[in-house]
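What follows is a single structure, written as structure tokens, with notes after it.
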Amino acid sequence: MAEDFTATLTERQAGHLPDLLGLQWLEARSGYVKGRFTVARHHMAPNGFLHAASVIALADSACGYGCVASLPDGASGFTTIELKSNFLGTVREGGVLCEARLVHGGRQTQVWDAVVTAEATGKTVALFRCTQMVLRPTA
2 MAEDFTATLT
12 ERQAGHLPDL
22 LGLQWLEARS
32 GYVKGRFTVA
42 RHHMAPNGFL
52 HAASVIALAD
62 SACGYGCVAS
72 LPDGASGFTT
82 IELKSNFLGT
92 VREGGVLCEA
102 RLVHGGRQTQ
112 VWDAVVTAEA
122 TGKTVALFRC
132 TQMVLRPTA
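Quick note: to get the working numbering, add 1 to the position in the sequence shown (first position is 1).
Dropping the structure here:
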């Protein structure tokens, strides 16, 4: 079974945006991350709908944490070079769930897809894709 990085990633996010948003990690291994949050007032836009930035924070964090767990040998880290999101719905209460999967794991880049859903219904809230550049130590 692949190494589970949930505890390590949860510790690393303490005091940072994912922690402040209450992001929780259910599974984190090479090539796959599953996480969630429970909708609270700070996740909402003033119009009463889930703020797009809350959804993106969940999806981008899941993909970024997945990238960390999937770095190739010799890599020192990563940086996001592109992201895209399509919003198909919203959640006003309850949980928001995200599953992120590695689509391409190359030596220089990784591409991740994430699906964000309403936890209670399974309805898709957003489709997300990002590309990360793999960083290597400089000589």
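Positions of the beta carbon are idealized from the N, C-alpha and C atoms, including for glycine.
On a CA-only basis, which of A115, T122, T125 is nearest C131? Give me that one, please. Distance from the Cα of C131 is smallest, within the candidate group A115, T122, T125, for A115.
Measure the C-alpha to C-alpha separation of E28 and R37 and round it to an integer number of angstroms. Roughly 10 Å between the two C-alpha positions.
With a threshold of 8 Å, are at least 3 pairs of Cβ atoms found where one atom belongs to the region 73–80 and the other to the region 42–55? At 8 Å Cβ cutoff, the stretches do not touch.
Does any residue of chain D have a CB that is nearer than 8 Å to the CB of P47? Within the model displayed, chain D is absent; a lone protein chain is all it includes.
Output yes or no for whether 8 Å exceeds the beta carbon distance between E100 and K35. Closer than 8 Å, so yes.
How is the alpha helix (DSSP H) around D61 delimited, first residue to last? Looking at the DSSP string, the run of the alpha helix (DSSP H) that includes D61 is 53–70.
Using three-state DSSP, classify D166 as helix, strand or coil. The shown model of the chain, from 2 to 140, leaves out residue 166, and the question about it has no answer.
Tell me, please, which residues DSSP counts as bridged to N87. DSSP, once it has assigned bridges, lists L128 as partnering N87.
Using only the alpha-carbon positions, how far apart do K85 and R30 sit? Roughly 23 Å separates the two Cα atoms.
Which residue or residues does DSSP assign as beta-bridge partners of Q111? Bridge partners of Q111: G106, Q133.
Ignore the nearest five residues each way along the sequence and tell me which others in A3's own chain have a CB closer than 6 Å to its CB. Only R30, S31 meet the Cβ criterion.
Run of the alpha helix (DSSP H) containing R30, from where it starts to where it stops: Not the alpha helix (DSSP H): R30 falls in the beta strand (DSSP E), residues 25–30.
Take the Cβ of G65 as the centre, count every other Cβ of all protein chains shown within 10 Å, and call the residue buried at 16 or more, exposed below. So G65 counts as buried.
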